[in-house]
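Residue numbers (our numbering): 3 to 63. First the structure, in the form of structure tokens, and then the observations on it.
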Amino acid sequence: MTAITLRIPDAMDQPLRDAAADAPSLNDYILRAVRRQMTLDAGRKLALVAPLDLDGEGDSL
Numbered sequence: 003m004t005a006i007t008l009r010i011p012d013a014m015d016q017p018l019r020d021a022a023a024d025a026p027s028l029n030d031y032i033l034r035a036v037r038r039q040m041t042l043d044a045g046r047k048l049a050l051v052a053p054l055d056l057d058g059e060g061d062s063l
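Structure representation (structure tokens):
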């Protein structure tokens, strides 16, 4: 695991806390948002890869 330090601008502090009101903690909310963004970024990169020929592979993948 890698630790990061996140600096939140004062103008974003209250809106971020409001958005995270239903989350167990602000840290948990931010962590889920980062994971979601990483998944979207990985999907975009994967979409740019040339299509693979998987004919006949069935469920073996």
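Using N, Cα and C, we set each Cβ at its ideal position, and we do this for glycine too.
Rounded distance between the beta-carbons of residue j and residue i, thought under 8 Å
| i | j | result |
| --- | --- | --- |
| Arg19 | Leu28 | 6 Å |
Residue i to residue j span [Cα, whole Å]
| i | j | result |
| --- | --- | --- |
| Asp24 | Tyr31 | 9 Å |
| Pro17 | Ala35 | 15 Å |
| Thr4 | Pro53 | 32 Å |
| Pro26 | Arg46 | 29 Å |
| Leu63 | Asp55 | Confidence at Leu63 is low in this model, with a pLDDT of 47, below 50, so the placement of that residue should be treated as unreliable; the coordinate-derived value is given next. When rounded, the distance between both Cα atoms is 12 Å. |
| Pro11 | Val51 | 36 Å |
| Leu33 | Met40 | 11 Å |
Cβ shell of residue i (< 8 Å), same chain only, five flanking positions each side left out
| i | result |
| --- | --- |
| Ala1 | Residue 1 cannot be examined here, being either before or after the span of the chain that is shown, 3 to 63. |
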